[in-house]
Amino acid sequence: MGNGPWDFPQHWTADVLASDGGAVHLRPIVPDDADRIVAFHATLSERTRYMRWFGPYPEMSARDVRHVTTVDHHDRVALVALLGGRIIAIGIYESLRFAGRPRAAEVAFVVADDHQGRGLGTVLLEHLAGAAAENGFDRFEAEVLTENRAMLAVFRDAGYQLSRSFDGSTVHVEFRIDPTDALLTVRNSREIGSEARSVSNLLAPGSVAIIGASADRRKVGNALLANVIEGGFNGPVFPVNAEARAVRGIRAYASVRDIPDPVDLAVVAVPADTVGDVLQDCLSKGVKTMVVVSAGFAESGDAGAVAERTLVHEIRAHGMRLVGPNALGVINTDPDIALNATLAPRVPGPGRVGFFCQSGALGIAILDAAARRHLGLSTFVSAGNRADLSGNDLLQYWDSDPRTDVILLYLESFGNPRKFSRLARRVSRNKPIVAVKAGRSAVAPSQERRDSTLDDASARAVLEQSGVIQVDTIADLFDCATVLAYQPLPQGPRVAIVGNSTVLGVLAGSAGQRFGLRVVEQIDLGAGAGAGEFAAALRKVVADDGVDAIVAVFVPPVAVGADSYARALTDATAGSAKTIVSTFLAVEGIPANLTVRDGDGTPVRGSIPSYPAPERAATALGQAWRYAQWRARPESPVIRPADVDADAAREAVRAVGDDTHRETVALDERRSAQVLAAYGIGVTEFVEVDDADSAAAAAERLGYPVAVKAVSTKWRGRLDGEGARLDLSTAATVRSAFDELTAVTGERYLQVQRMAARGVAAIIRVRDDPSFGSLISFGLSGATFDLLGDHAHRAIPLTEADAHELIAAPRSAPLLTGYRGQAAVDRDALADLLIRVSTLVDDLPEIREVALDPILCSEHGAEVLSGRIRIGPVPTRADTGPRRLT
1 MGNGPWDFPQ HWTADVLASD GGAVHLRPIV PDDADRIVAF HATLSERTRY MRWFGPYPEM
61 SARDVRHVTT VDHHDRVALV ALLGGRIIAI GIYESLRFAG RPRAAEVAFV VADDHQGRGL
121 GTVLLEHLAG AAAENGFDRF EAEVLTENRA MLAVFRDAGY QLSRSFDGST VHVEFRIDPT
181 DALLTVRNSR EIGSEARSVS NLLAPGSVAI IGASADRRKV GNALLANVIE GGFNGPVFPV
241 NAEARAVRGI RAYASVRDIP DPVDLAVVAV PADTVGDVLQ DCLSKGVKTM VVVSAGFAES
301 GDAGAVAERT LVHEIRAHGM RLVGPNALGV INTDPDIALN ATLAPRVPGP GRVGFFCQSG
361 ALGIAILDAA ARRHLGLSTF VSAGNRADLS GNDLLQYWDS DPRTDVILLY LESFGNPRKF
421 SRLARRVSRN KPIVAVKAGR SAVAPSQERR DSTLDDASAR AVLEQSGVIQ VDTIADLFDC
481 ATVLAYQPLP QGPRVAIVGN STVLGVLAGS AGQRFGLRVV EQIDLGAGAG AGEFAAALRK
541 VVADDGVDAI VAVFVPPVAV GADSYARALT DATAGSAKTI VSTFLAVEGI PANLTVRDGD
601 GTPVRGSIPS YPAPERAATA LGQAWRYAQW RARPESPVIR PADVDADAAR EAVRAVGDDT
661 HRETVALDER RSAQVLAAYG IGVTEFVEVD DADSAAAAAE RLGYPVAVKA VSTKWRGRLD
721 GEGARLDLST AATVRSAFDE LTAVTGERYL QVQRMAARGV AAIIRVRDDP SFGSLISFGL
781 SGATFDLLGD HAHRAIPLTE ADAHELIAAP RSAPLLTGYR GQAAVDRDAL ADLLIRVSTL
841 VDDLPEIREV ALDPILCSEH GAEVLSGRIR IGPVPTRADT GPRRLT
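The UniProt record's numbering puts the first residue of the sequence shown at 1, with every later residue one more than the last.
Here it is, written out as structure tokens:
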């Protein structure tokens with residue numbers, strides 16, 4: 001990092017959300033901001049100036065302007081918040097090293113009067129603290145007027161532990177800036193609120209403009225306007241068409257600027273090359289959110305990708321949010337809103353399910369399928385290219401939305417995998433998330449496509465770690481959603497099957513076994529059974545405390561009407577706390593005669609879902625049971641060992657040089673061991689030597705027995721053992737081993753290492769997966785790991801429960817638990833090792849790969865014989881540090 005006023009880390013630049021959901025752009029100050037700073041200062045009220053500078057300060061002198069705008073981005077850092085190119089807030093810290101406090105800095109900030117109360121002070125404080133920590137500071141100090149309660153509240157409410165001292169009219173405040181659990185909790189809470197309000201601005205607009213509205217039924221703008229009007233939107237609708245005075249009988253405007261009333265949401269359906277002009281009109285009008293259904297952006301090639309990035313930059317810089325481009329649109333079925341701003345010709349009615357879909361084209365089919373199944377939606381968002389608003393934003397919104405009980409996701413990529421994992425883990429505790437992960441695409445359309453290297457089972461395990469129910473198809477998605485939306489979660493695995501076909505019952509039972517369901521009772525009433533017999537059998541299993549769920553696979557005789565059997569099913573199970581699914585007439589969804597409705601006619605809980613095949617009914621029930629088990633587990637917090645030294649690890653990494661900002665670099669084993677040691681991960685002591693005498697001397701110092709090993713992984717990994725000589729007990733054997741290995745391997749340098757206790761060899765690895773972010777893997781060393789793929793994966797960071805589940809997940813895991821008379825290894829020591837590696841990578845996102853191989857596991861502990869680390873550019877979508885839009 002340089003010290004010039006223009007030379008600052010690019011990751012200090014960020015788009016952030018204010019507490020009201022509006023976007024703001026943050027960046028380090030530069031000398032060219034001089035005029036903006038003067039203009040900003042001129043807008044401040046006398047009281048705001050007094051609170052910041054403790055007295056009158058009507059004008060900034062040229063010297064003061066130069067002092068503020070010329071910083072070194074190390075001892076002095078200043079960040080500005082901009083909206084539409086205008087500075088609306090500034091925060092600055094200055095080192096106190098010249099006052100004898102080299103790791104402390106004084107912090108101050110000021111916010112424009114018309115933007116106070118939007119949480120900008122807190123956001124600036126977060127980002128200043130992040131920059132200061134990078135620069136080696138660990139504490140902030142501030143001088144605040146005692147009457148400046150707002151400023152004191154910013155420090156207090158940010159989650160820092162404050163130390164205060166009073167001196168007349170001022171308060172001296174000090175606090176450490178380490179990312180404590182309390183601090184992260186407050187930060188995440190603020191993030192939830194701001195992102196949820198940002199989505200609310202989209203889904204609950206007071207007014208809508210359809211830009212590109214048309215009377216031509218062949219055009220997209222016609223379908224959008226028709227759907228908004230016919231959907232009964234409870235607010236004014238403004239068609240925008242430069243060539244028409246009215247569209248569908250509603251007055252039209254040549255530009256959104258000409259609309260006399262406020263516009264909250266603009267739905268844009270114009271050619272891609274004119275969207276930029278429309279955006280400028282919307283910015284001038286003060287529109288809060290845009291939905292761009294126009295195609296021709298990142299999905300169309302490089303030029304479109306550039307146009308998309310420009311669109312997002314301009315939208316965020318002016319405080320707006322974007323859905324799209326290439327989106328299908330948005331729906332909110334709340335009767336107070338009634339918004340259908342989509343191109344879909346058929347949409348579901350109101351319900352308790354929120355749906356996020358990336359694909360616009362597929363969204364039409366999805367909405368039609370939901371409508372056919374009578375699966376009601378609360379809200380629906382099709383984000384298209386997902387250039388700005390993403391599934392993560394919707395998760396934040398739905399978590400607190402009282403109209404949403406179940407969340408469905410159709411994902412082509414995870415924009416920010418680590419954040420998705422964190423949010424899903426929290427949200428799934430309250431509401432089930434069901435996801436279809438389409439194909440193996442790993443990134444947004446605007447980025448280079450890379451494929452996940454995880455097999456399907458491993459990918460599913462990573463999602464299930466966060467409580468997400470992953471399914472393979474849209475049909476599976478709706479199958480699972482209907483039971484979750486309309487039935488209680490299973491309280492156990494015990495299933496009763498009631499029907500009039502033994503074959504159908506067997507099919508249901510077999511399908512359920514994959515999910516741990518157990519058939520405890522199967523009642524076959526025979527083909528001629530009547531509705532009364534059906535009802536009696538149902539009442540019997542409903543009353544049985546040994547039954548947790550019921551699968552009704554009854555097929556009414558052809559000559560008999562279905563209604564009497566439907567009444568038998570609904571009456572016998574009414575008010576039951578058991579989970580009930582059916583294959584009623586092979587209907588898909590919620591049949592009308594199995595539906596329970598509220599006063600508005602909306603299907604509600606107690607409605608009985610039906611499936612066209614018993615296997616699908618049992619699979620949906622099994623998915624619900626698997627989720628119920630996950631939710632019933634005690635919540636396991638992310639563990640952070642107390643004895644880690646992040647500063648020491650960072651120093652070891654920084655000592656490698658600045659090349660890591662541009663490319664991936666492998667640390668040598670000595671440097672890797674130094675980084676690992678800072679996190680309590682000890683590598684068995686070794687010495688690198690270049691001749692036989694040095695090898696013998698090293699062995700004497702380490703203590704016999706020792707091993708002499710090749711340095712390169714090429715020789716270390718050989719199954720024939722030619723890359724090492726083990727159990728050497730004399731200087732002569734060490735010298736001989738050195739000579740042999742140098743002759744065989746051709747390597748100049750070898751390692752002498754103290755022999756470790758014998759045990760089961762295991763591997764811990766961390767790498768980046770393009771779909772899921774940083775993953776930690778565990779398995780037993782050797783062919784089972786490399787050839788058979790017998791290893792398991794989890795997303796970082798790990799909880800204690802995650803670590804133990806990861807150890808138990810490989811098929812060869814019984815070798816760790818006392819297989820065939822062997823002593824069981826210390827799995828707690830292995831779990832501790834996993835957690836330490838997870839914490840290291842979580843703290844230092846520049847660490848891109850870790851390999852501990854081998855780890856010798858015994859009843860006495862887990863000893864690491866070799867550790868290797870690769871470092872590189874910090875991922876642009878890392879979910880670490882201060883809040884930011886990604």
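Here a beta-carbon is modelled for each residue, glycine too, at the ideal position from N, C-alpha and C.
Check	Outcome
N-terminal and C-terminal residue of the beta strand (DSSP E) that glutamate 859 is part of	Element bounds for glutamate 859: n/a, residue is neither H nor E.
beta-carbon histidine 73 near the ligand HEM non-hydrogen atom, thresh 7 Å	For the ligand HEM, the structure offers nothing, since it holds no ligand at all.
Any 3 or more C-beta pairs closer than 8 Å across the segment 750-768 and the segment 834-851	yes
Status (buried if at least 16 other CB within 10 Å, exposed otherwise) for proline 102	exposed
For histidine 318, three-class secondary structure by DSSP	coil
Inter-residue spacing [alpha-carbon to alpha-carbon] between glutamine 447 and alanine 307	Bear in mind that a pLDDT of 41 at glutamine 447, under 50, signals an unreliable position, so the model cannot answer this.
Chain B contact for proline 205 (CB, 8 Å cutoff)	Looking for chain B here will not work: only one protein chain is present.
Nearest neighbour of aspartate 33, chosen from Gly193, Thr70 and Ala813 [CA to CA]	Thr70
Nearest-angstrom Cα separation, counted from glycine 759 out to threonine 684	14 Å
Spatial neighbours of arginine 518 in its chain, beta-carbon cut-off 7 Å, leaving aside the 5 residues before and after	Pro493, Arg494 and Val495
CB contact flag (arginine 425, glycine 467, <8 Å)	yes
Contact between the segment 162-173 and the segment 83-96 (3+ Cβ pairs under 8 Å)	no
Best match in Pro236, Ile550, Val665 and Ala529 for proximity to glycine 509 [C-alpha to C-alpha]	Ile550
Contact set for glutamate 688: own chain, Cβ-Cβ below 6 Å, skip 5 residues either direction	Tyr749 and Gln751
Identity of the residues DSSP links to threonine 170 by a beta bridge	Leu145 and Asp167
Alanine 226 beta carbon less than 8 Å from that of arginine 197	no
Inter-residue spacing [alpha-carbon to alpha-carbon] between residue 888 and leucine 322	Outside the shown range of the chain, which is 1 to 886, sits residue 888, and nothing can be said about it.
Cβ contact check for the segment 364-375 and the segment 342-349: 3 or more pairs under 8 Å	yes
Beta-carbon gap between alanine 246 and alanine 252 smaller than 8 Å	yes
Classification of leucine 719 by the beta-carbon crowding that lies within 10 angstroms, buried from 16 upward	exposed
Nonlocal neighbours in the same chain, by C-beta distance under 6 Å from serine 214, ignoring five residues either side	Gly221 and Asn222
Per-residue burial, arginine 118 [other beta carbons within 10 Å of its own, 16 or more giving buried]	buried
Nearest neighbour of arginine 352, chosen from Val483, Ala153, Gly682 and Asp273 [CA to CA]	Val483
Integer Cβ distance of valine 555 from asparagine 500, believed to fall under 8 Å	6 Å
The segment 428-436 touching the segment 804-824, judged by at least three CB pairs closer than 8 Å	no
Counterpart residues of alanine 435 in DSSP-defined beta bridges	Leu409 and Gln470
Residues that DSSP places opposite isoleucine 550 in a beta bridge	Ala496 and Ile580
Boundaries (first-last residue) of the beta strand (DSSP E) holding proline 797	Counting along the chain, proline 797 falls outside any beta strand (DSSP E), and DSSP gives it neither H nor E.
Extent of the continuous beta strand (DSSP E) to which proline 28 belongs	23-28
Continuous alpha helix (DSSP H) assignments of at least 4 residues falling wholly in the UniProt domain "N-acetyltransferase" (24-180)	34-43, 46-53, 62-69, 120-134 and 149-157
Limits of the unbroken alpha helix (DSSP H) element including threonine 281	This sequence places aspartate at residue 281; threonine is not what is there. Taken as a continuous stretch (DSSP letters only), the alpha helix (DSSP H) holding aspartate 281 covers 275-285.
Opposing strand residues paired with aspartate 15 [DSSP bridges]	His25
Sheet register partners of glutamine 629 (DSSP bridge)	Paired residue(s): none; glutamine 629 is not in a bridge.
Beta-ladder partner(s) of isoleucine 869, from DSSP	Val850
Beta-carbon proximity check, arginine 870 vs valine 665, cutoff 8 Å	yes
C-alpha gap between aspartate 7 and proline 845, whole angstroms	22 Å
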